[in-house]
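Visitor: Below: one structure in structure tokens.
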Amino acid sequence: METVSEWTSFGGDLSVHDHESETLGCTMRFAVFDPPQTSDDPVPVLWYLSGLTCNWSNVMEKGGLQRKAAELGVMIVAPDTSPRGKDVADDDAYDLGQGAGFYLTATEDPWAKHYKMDQYVMEELPSVIRSNFAADMRRQSIFGHSMGGHGALTLALRNPGHFRSVSAFSPIVAPSQVPWGEKAFTTYLGKDKAAWADYDACELVKKTQLETTILIDQGEDDQFLDEQLKPRLFEEACREAGQSLAIRMRPGYDHSYYFISTFMDDHIMHHAKALYR
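For the sequence shown, this note's numbering begins at 33 and goes up steadily by one.
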């Protein structure tokens, strides 16, 4: 692991690192906010998964998470959103290829060689964090935005009991039924929609329910609300499955980090309560 940048923030340490990923077959970059409490004891870990076109910098620079994470003693890890590099398959569109990994394991060529973001987030990167930071890996939670909200929901539902809590800002909850997901799933997984269900929160919650309440914040003025996000589909699926869900529609807010930063403290407090219970 190579440290690229490092800053002191609210008494903690915000650092950016590169490492060679065996899972993805490329160099990966991630960021960690290490709160001041790690000088005494290991602290719980909160994973943040970003959306389309994003990387570690979006949430660390615009999310406003450091103050509350430092106050509550929560380490926050922000992976990249896809494998990257000149040898990694890509597409000219913003919603496919590099920057658009969709937190799945691709089965179609040429994507299958590198696109294994679910394995990377669940297995390889946690091992790197465990080896290099004062992280209590027995206590983990996860949240994310848009495509990253999709990732947080699906990883939690596919791995019940692994995360103590899960939340999302403006998540893609039904990728099998919206243009972003249909495009990505057809490209990465093929045309058989039975394979898509393994990465669709609305389908997963029918089979698996979490003991924790899922928290979702969604802006009512989100430009992607009606075509790409469709939170009511997940609300209905949770109600039918008996999954506890708190979905909060926020008047006047859009899809941006102005929205995310407004409610970031709420989400960190939601997770800290579960991580320190």
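Backbone N, C-alpha and C fix where the C-beta goes; we use that ideal spot for every residue, glycine too.
Tell me whether Arg280 sits in a helix, a strand or coil according to DSSP, three-state version.
Guide: Here residue 280 corresponds to residue number 248 of the sequence shown, with the count starting at 1. Reduced to three states, the DSSP call for Arg280 is strand.
Visitor: What does the alpha-carbon distance come out to for the pair Pro115 and Gly129?
Guide: Walking along the sequence shown from the start, residue 115 turns up at place 83. Walking along the sequence shown from the start, residue 129 turns up at place 97. Spanning the two alpha carbons is a distance of roughly 9 Å.
Visitor: When the distance is taken between beta carbons, is Ser47 closer than 9 Å to Asp66?
Guide: As a first step, residue 66 is located in the sequence shown; it is residue number 34 there, counting from the start. As a first step, residue 47 is located in the sequence shown; it is residue number 15 there, counting from the start. The answer is yes: Cβ separation under 9 Å.
Visitor: Candidates Ser178, Gly43, Thr35: which alpha carbon is nearest Tyr289's?
Guide: Counting from one through the sequence shown, the residue named residue 289 turns up at place 257. Minimum Cα distance to Tyr289 is reached at Ser178.
Visitor: Between the alpha carbons of Thr245 and Gly183, how many angstroms are there, rounded?
Guide: The count along the sequence shown starts at 1 and reaches residue 245 at position 213. The count along the sequence shown starts at 1 and reaches residue 183 at position 151. The straight-line gap from Cα to Cα measures roughly 17 Å.
Visitor: Smallest Cα separation from Phe106: which of Thr113, Ala132, Asp119, Pro74?
Guide: Locating residue 106 in the sequence shown gives position 74, where the first residue counts as 1. It should be noted that the sequence gives Val, not Phe, for residue 106. Val106 has its Cα closest to that of Pro74, out of Thr113, Ala132, Asp119, Pro74.
Visitor: Between the beta-carbon of Gly222 and the beta-carbon of Ser202, is there less than 9 Å?
Guide: Reading the sequence shown from its first residue, position 190 is the one you call residue 222. Reading the sequence shown from its first residue, position 170 is the one you call residue 202. Going by C-beta atoms, Gly222 is not nearer than 9 Å to Ser202.
Visitor: Is Tyr290 near the ligand PLP, judged by its Cβ being under 8 Å from some heavy atom?
Guide: The ligand PLP is absent from the structure shown, which contains no ligands of any kind.
Visitor: Should Tyr80 be labelled buried (16 or more other beta-carbon atoms within 10 Å of its own) or exposed?
Guide: Sequence index remark: in the sequence shown, residue 80 carries index 48 (1-based). Tyr80 is buried by the Cβ-count criterion.
Visitor: Is it the case that the Cβ atoms of Met296 and Glu252 are separated by a distance below 9 Å?
Guide: Locating residue 296 in the sequence shown gives position 264, counting from the first residue. Locating residue 252 in the sequence shown gives position 220, counting from the first residue. Taking 9 Å as the Cβ cut-off, Met296 and Glu252 do not qualify as a contacting pair.
Visitor: Quick one, which of Leu242, Val210, Leu265, Asp45 has its alpha-carbon nearest Trp228's?
Guide: On the sequence shown, residue 228 is found 196 positions in, with the first residue counted as 1. Among Leu242, Val210, Leu265, Asp45, the Cα nearest to that of Trp228 belongs to Val210.
Visitor: In three-state terms, what does DSSP make of Gln69?
Guide: Within the sequence shown, numbered from 1, the residue matching residue 69 stands at position 37. DSSP places Gln69 within a helical segment (H, G or I) once states are collapsed to three.
Visitor: Rounded to the nearest angstrom, what separates Phe42 and Lys239 at their Cα positions?
Guide: The residue you call residue 42 lines up with position 10 of the sequence shown. The residue you call residue 239 lines up with position 207 of the sequence shown. Cα to Cα, Phe42 sits roughly 42 Å from Lys239.
Visitor: Please state whether DSSP places Val153 in a helix, a strand or coil.
Guide: Stepping through the sequence shown from its first residue, residue 153 is reached at position 121. In the structure shown, Val153 sits in a helix (DSSP, three-state: H, G or I).
Visitor: Provide the residue(s) that pair with Met169 in DSSP beta bridges, ordered along the chain.
Guide: Locating residue 169 in the sequence shown gives position 137, counting from the first residue. DSSP lists no partner for Met169.
Visitor: Does DSSP put Ile108 in a helix, a strand or coil?
Guide: Reading the sequence shown from its first residue, position 76 is the one you call residue 108. Here Ile108 sits in strand by DSSP.
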